[in-house]
Amino acid sequence: MKKTWWKEAVVYQVYWRSFYDSNGDGIGDLEGLLSKLNYIKELGADVIWLNPMYESPDKDNGYDISDYYKVMEKAGDMQTVERLVSEVHKLGMKIIMDLVVNHTSDQHPWFLESRSSKDNPKRDWYIWKDAKDEKEPNNWRSYFTPSPWEWDVKTGQYYFHSFASEQPDLNWENLEVREEIYRIMRFWLDKGIDGFRMDVINLLAKEKGYKDAEDPYDLSYLGNNPGIHEYLQEMNREVLRYYDIMTVGEIPFVTPEDGLLYVGENRNELHTLFHFQVADDMRVWDMLRYKEIQKLWYEGLKGKGWNSQFLNNHDHTRQVTRYGNDGKYRAESAKLLATLVHTLPGTPYIFQGEEIGMTGVCFEDIEDYQDIAMKNKYREQVGLGEAPDKVLRDLQPLSRDNSRTPVQWDVSENAGFTKGVPWIKVNPNYTVINVKEELKNPDSVLHYYKKLIALRKENEVMVYGDYDDLSEGNLELYIYTRTLDEVTWLIVLNHSENINKVNWPEKLGVRDKELLLWNYSSMANDESDSKMILRPFESRIYQIA
Ligand code: TEU
Ligand code: CA
């Protein structure tokens, strides 16, 4: 497999509005990020992925853009972005930005024109349809609303939105739209950024018939429609191939087979992708399903395309809460999950705060939630007559705000995130879980991440090694090897609260072994060369000689 920097990289995601506030308005900002760049550098990350910071009414935290050439005032200004890019580069890191081009804000001048009259030249830049029997054109749902169709009184048609009604979808069939987007991409790439994380990029092409869906709740009709690969190949031909960059597509609803069509090295589309098989199939940890997904993607992409590894981001509840144990074994399980993400095949992503084992939140009041997806769903379900308390309780575990609370820097007020009133409540556990504390404690989650990331820099086996699962069918243990030429690593994980005794894998024979990284500090008494005694959430990385 061809070696490239973005395969070897560790990516750190900065959701800037919750990262660090430099001016006391309660909102994180780019100046705040600048002041913490050394922290990210010292962690060992190579690439920063910055969530959208373009001009936006901010209905969906920047994913509703009203001017692609401007920076949102809350975030900073163009000079600050330029300084950020140059400081990141000075520190030997790279920075990729969000590209949100499936939709714009309903306040974008293109949409304001488009909706102004049926014969406006920009009418066709968005997707407009007549009513069908005085109702929506079909029975679909959108991600955030009961229907993806919004009625426009003035012109008497519906427009289409895959997300909130404030986020109308662009019509990618229109060549002018595509050319304008390519111009925007060149503008940012020419500023020296190192690539894009492409928001729901497989939604660009629509199912043209807009036929009723059998199951409107299975949103997969929104993505992977005919024409999508032509658009991405054109985007590559027109823009991407001229730059030494990294492109990662956010691509829901794909199996490895479809995934390869986006990231196959012979396809000239994207470098790598976020698929959502883990997030969509596993509301909580499911060992068998997780292993199955890993195996399918490894075999499906092997030698042909590149995967990404992540267990959380700004849309998904923090991994230690959702997939680990955020109580008694918080530190152990945070380290175990980190080990997984960084030793399985694919480029690993860290979502800010994950490296200190931050947890999800449970707000008592719907008013404390800020996320449009959460608020819309709450309104919909309460509107249908469900008990508000119950709706809140049901939505809470997977609310996107679980991951959006401010990064916990220290024990001072508001976790040291802001001197003002934070835009979203701080997780009250900041008095225990915070960066300052983690830096002090040599056994902390943070120090474990540093070691784990440093290992990747020194050992290509972690990046390019073949993968072999030695624990298929086991519900609590995950044991696998990575092998590159003469080097074999064994990764041993006990994802449970039980003590598990396990024989040294027969397949490996009796070999010398070196323990490279470990989340416990002493062996159980009955541990021996032939038998490993694994304590709750114990995680080990061995090099086998
Ligand atoms: O998210 C799209 C989105 O909701 C899915 O990728 C979802 O996470 C996945 O299907 C798993 O269920 C992106 C952004 O990350 C999100 O913050 C925006 O709100 C959304 O697009 C609209 O731009
Ligand atoms: Ca601020």
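Counting with the UniProt record's numbering, you get residues 1 to 545 for the letters of the sequence shown.
A virtual CB, placed ideally from N, CA and C, is assigned to each residue, including glycine.
From a predicted model like this one, the values you see are computed outputs, not experimental measurements.
CB of Q157 within 8 Å of CB of S105, strictly
Residue 157 sits at position 157 when you count from the first residue of the sequence shown. Residue 105 sits at position 105 when you count from the first residue of the sequence shown. Contact flag unset, no.
Contact set for N38: own chain, Cβ-Cβ below 7 Å, skip 5 residues either direction:
To locate residue 38, count along the sequence shown from 1; it is residue 38. Cβ neighbours of N38 beyond the five flanking positions: none.
So, is I541 buried or exposed, given that buried needs 16 or more other C-beta atoms within 10 angstroms?
In the sequence shown, the residue the question calls residue 541 occupies position 541. I541 should be labelled buried.
Can you tell me whether P252 sits near ligand 1, meaning its C-beta is under 7 Å from at least one heavy atom of the ligand?
Here the question's residue 252 lines up with position 252 in the sequence shown. Yes, Cβ of P252 sits closer than 7 Å to a heavy atom of ligand 1.
Would you report the Cα separation of W5 and S22, rounded to the nearest angstrom?
Residue mapping note: residue 5 aligns to position 5 of the sequence shown, counting from 1. Residue mapping note: residue 22 aligns to position 22 of the sequence shown, counting from 1. Computed Cα separation, rounded: 32 Å.
Report yes or no: do three or more beta-carbon pairs, one from the segment 179 to 187 and one from the segment 208 to 222, lie closer than 8 Å?
A contact between stretches requires three or more CB pairs, one per stretch, nearer than 8 Å, and the segment 179 to 187 fails this requirement with the segment 208 to 222.
Straight-line gap, W501 to M358 (C-alpha atoms, nearest Å)
Here residue 501 refers to the residue found at position 501 when the sequence shown is read from its first residue. Here residue 358 refers to the residue found at position 358 when the sequence shown is read from its first residue. One detail in the question is off: residue 501 reads as Lys in this sequence, not Trp. Each residue's alpha carbon lies about 30 Å from the other.
With DSSP run on the structure shown, which of helix, strand or coil describes G249?
In the sequence shown, counting from the first residue as 1, residue 249 sits at position 249. If DSSP states are grouped into helix, strand and coil, G249 belongs with the strands.
Run of the beta strand (DSSP E) containing Q13, from where it starts to where it stops:
Translated into the one-based positions of the sequence shown, residue 13 becomes position 13. Boundaries of the beta strand (DSSP E) harbouring Q13: 11 to 14, taken from the DSSP string.
Figure out for me which residue from K291, K295, Y448, I228 has the closest Cα to the Cα of L270.
As a position in the sequence shown, residue 270 is number 270, starting the count at 1. With distances taken between Cα atoms, L270 lies closest to I228.
Could you check where the alpha helix (DSSP H) with N38 kicks off and where it finishes?
As a first step, residue 38 must be located in the sequence shown, where it is residue number 38. Unbroken alpha helix (DSSP H) run through N38: 37 to 43.
In chain order, which alpha helix (DSSP H) runs of at least 4 residues are fully inside the segment 62 to 142?
As far as the segment 62 to 142 is concerned, its whole alpha helix (DSSP H) runs of at least 4 residues are 78 to 90, 109 to 114.
Would R456 and V463 be called neighbours here (beta carbons separated by less than 8 Å)?
For this step, residue 456 is matched to residue 456 along the sequence shown. For this step, residue 463 is matched to residue 463 along the sequence shown. Against a cut-off of 8 Å, the Cβ pair of V463 and R456 comes out as a contact.
Top-ranked residue by Cα proximity to Y290, from A164, D368, L337
Counting from 1 along the sequence shown, the entry for residue 290 is found at position 290. Taking the Cα of Y290 as reference, the smallest distance to any Cα among A164, D368, L337 is reached at L337.
Which first and last residues belong to the beta strand (DSSP E) in which G300 is found?
For the purposes of this step, residue 300 is identified with residue 300 of the sequence shown, where counting begins at 1. For G300, there is no enclosing beta strand (DSSP E); the residue is part of the alpha helix (DSSP H) that begins and ends at 287 to 301.
Whole-angstrom C-beta distance between G300 and G327, which should lie under 8 Å
Here the question's residue 327 lines up with position 327 in the sequence shown. Here the question's residue 300 lines up with position 300 in the sequence shown. Here G327 is actually not in contact with G300; their C-beta atoms are around 36 Å apart, not less than 8 Å.
Hey, could you find the ends of the alpha helix (DSSP H) K440 is sitting in?
By one-based count along the sequence shown, residue 440 stands at place 440. Bounds of the alpha helix (DSSP H) holding K440 are 435 to 440.
Of the residues F196, F253, E257, which one's Cα is nearest the Cα of M235?
As a first step, residue 235 must be located in the sequence shown, where it is residue number 235. It is F196 whose Cα lies nearest to the Cα of M235.
Helix, strand or coil: how does DSSP classify E538 here?
Here residue 538 corresponds to residue number 538 of the sequence shown, with the count starting at 1. Residue state for E538 is assigned as coil, using DSSP reduced to three classes.
Hey, how far is the Cα of N427 from the Cα of K74?
Sequence index remark: in the sequence shown, residue 427 carries index 427 (1-based). Sequence index remark: in the sequence shown, residue 74 carries index 74 (1-based). The straight-line gap from Cα to Cα measures roughly 22 Å.
Closer than 8 Å by C-beta to R83: which residues in its own chain qualify, once you throw out the five before and the five after it? Chain order, please.
Taking the sequence shown and counting its residues from 1, the one referred to as residue 83 is at position 83. The answer, listed in chain order, is L34.
In terms of alpha-carbon separation, which member of V421, A9, W172, Y68 lies closest to Q107?
As a working note, residue 107 is residue 107 in the sequence shown. Cα-wise, what sits closest to Q107 is Y68.
Test item: CB-CB of T418 and G76 under 8 Å
Reading the sequence shown from its first residue, position 418 is the one you call residue 418. Reading the sequence shown from its first residue, position 76 is the one you call residue 76. Cβ distance not < 8 Å, so T418 and G76 don't count as in contact.
With C-beta atoms as the reference, is I201 less than 8 Å away from I245?
As a position in the sequence shown, residue 201 is number 201, starting the count at 1. As a position in the sequence shown, residue 245 is number 245, starting the count at 1. In this structure, I201 keeps its C-beta atom at 8 Å or more from the C-beta atom of I245.
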